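> First residue of the sequence shown? That's 0 in numbering that gives the first Met the number 0, and the numbers climb one at a time after it. Once you've had a glance at the structure underneath, I'll fire off some questions.
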Amino acid sequence: MQMAEDTYKTIKGLSEGYYTEKRSRFLSFAIPVRTPEEVTRHVREYRKKYYDSRHVCWAYMLGADRKTFRTNDDGEPSSTAGKPILGQINSSELTDILIIVVRYFGGIELGTGGLIVAYRTSAAEAIAAAEIEERTVDDELTVVFEYPYLNGIMRIVKEEQPEIVSQKFEMTCEMTLRIRKNLFENLKNRILKVETAYLKIIPDITLH
């Protein structure tokens, strides 16, 4: 099923997989992440936890547009580990995800083809165990207005049902609203039509 342009798929939480080939053991972990800094922290933690393993290979994909990604073979022959892991992320159309595969060497060389199959299968096992959810790409706007116009603004909020991120009600009121990207312009236009002597909309921020 094709997703709408303002949705993306990711995993809800940590999931694990396991694969063996010629006595080599592959432990795989799918981890939700939002930033490269999170990726670095998780990779460091897993390398420390599995310090006695031969390789800790990984790949990640970030952002609703799925344009930020990276792979690492961690000493395996070039493109035999990170690239197959990323391939499984792409096959499942996932983002905001890091997959780490830890290898314990079994004493028998697998060869290039065997490694590709092993890392690909390990990543697929972690994804298969994950709970996948579809999320919307949201935009935010902050509207500043005079208190007498609060009821008019709140009527629009009730009808359009954006998420209220923050609000402040004084002589000058301020509300930050978040709504699905394809509903954003309608919300913005309705607010702009409110007849008030002072109404200001702070430019929208696209969330990633």
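Positions of the beta carbon are idealized from the N, C-alpha and C atoms, including for glycine. Remember, predicted model here, so these are calculated numbers, not experimental data.
Taking the CB atoms as reference points, tell me whether Asp72 and Val32 lie closer together than 8 Å.
Along the sequence shown, one-based indexing puts residue 72 at 73. Along the sequence shown, one-based indexing puts residue 32 at 33. Not closer than 8 Å, so no.
> Would you check if the region 126 to 141 and the region 8 to 15 touch, i.e. whether three or more CB-CB distances between them fall below 8 Å?
yes
> Can you tell me which of Asn150, Glu92 and Leu109 puts its alpha carbon nearest to the alpha carbon of Glu132?
Along the sequence shown, read from residue 1 onward, the residue named residue 132 stands at position 133. The option with the nearest alpha carbon to Glu132 is Glu92.
> Check each candidate in Tyr118, Leu109, Ser165 and Tyr7 and name the one with the smallest Cα separation from Ile58.
Here the question's residue 58 lines up with position 59 in the sequence shown. Here residue 58 is Ala; the residue named in the question, Ile, does not match the sequence. Distance check between Ala58 and each of Tyr118, Leu109, Ser165 and Tyr7 places Tyr118 closest, using alpha-carbon atoms only.
> Note down the Cα distance separating His54 from Thr34, rounded to an integer number of angstroms.
Numbered from its first residue, the sequence shown carries residue 54 at position 55. Numbered from its first residue, the sequence shown carries residue 34 at position 35. Cα to Cα, His54 sits roughly 23 Å from Thr34.
> Helix or strand or just coil, what does DSSP make of Met239?
It is not possible to answer for residue 239, since the shown part of the chain is limited to 0 through 207.
> Beta-carbon separation of Leu114 and Thr79 under 8 Å?
For the purposes of this step, residue 114 is taken as the residue at position 115 of the sequence shown. For the purposes of this step, residue 79 is taken as the residue at position 80 of the sequence shown. Contact: yes.
> Give me whichever residues DSSP pairs with Ser165 in a beta bridge.
Here residue 165 refers to the residue found at position 166 of the sequence shown. Beta-bridge pairing links Ser165 to Thr175.
> Out of Ala29, Glu4, Ile10 and Thr6, state which residue places its alpha-carbon closest to the alpha-carbon of Ser121.
Numbered from its first residue, the sequence shown carries residue 121 at position 122. Checking every option, the nearest Cα to that of Ser121 belongs to Ala29.
> Quick one, which of Glu75, Gly105, Met153 and Val142 has its alpha-carbon nearest Arg22's?
One-based indexing of the sequence shown puts residue 22 at position 23. For Arg22, the nearest C-alpha among the options comes from Gly105.
> If distances are taken between C-alpha atoms only, which option among Thr39, Glu184 and Lys66 comes closest to Cys56?
Here residue 56 corresponds to residue number 57 of the sequence shown, with the count starting at 1. Nearest of Thr39, Glu184 and Lys66 to Cys56, Cα basis: Thr39.
> What does DSSP give as the partner residue(s) for Gly208 in the beta ladder?
The requested residue 208 does not occur in the structure, where the chain is confined to residues 0 to 207.
> At what residues does the alpha helix (DSSP H) containing Met38 begin and finish?
On the sequence shown, position 39 is the one that residue 38 refers to. Residue identity differs from the one stated: residue 38 is Val in this sequence, not Met. Run containing Val38: Pro35 to Lys48, per the alpha helix (DSSP H) assignment.
> In the DSSP assignment, find the beta strand (DSSP E) that holds Phe68 and state where it starts and stops.
Sequence index remark: in the sequence shown, residue 68 carries index 69 (1-based). Where Phe68 is concerned, the enclosing beta strand (DSSP E) stretches over Thr67 to Asn71.
> Give me the DSSP bridge partner(s) of Leu93.
Within the sequence shown, the letter at position 94 stands for residue 93. Answer is Lys8, bridged to Leu93.
> Pull up the DSSP beta-bridge partners for Asp137, would you.
Position 138 of the sequence shown holds residue 137. Note: Asp137 sits in a beta bridge opposite Arg179.
> Quick check: the Cα distance between Leu65 and Leu85, rounded to an integer number of angstroms?
Here residue 65 refers to the residue found at position 66 when the sequence shown is read from its first residue. Here residue 85 refers to the residue found at position 86 when the sequence shown is read from its first residue. Position check: residue 65 holds Arg in this sequence, whereas Leu was assumed. Each residue's alpha carbon lies about 12 Å from the other.
> Output needed for Thr9: all residues of its chain with C-beta closer than 8 Å, excluding positions within five of it in sequence on either side, in chain order.
Translated into positions along the sequence shown, residue 9 becomes position 10. Cβ within range, chain order: Pro31, Leu93, Thr94, Asp95, Ile96, Ile131, Glu132 and Arg134.
> Closest to Ile99 by CA distance: which of Pro147, Val142 and His41 is it?
In the sequence shown, the residue the question calls residue 99 occupies position 100. For Ile99, the nearest C-alpha among the options comes from His41.
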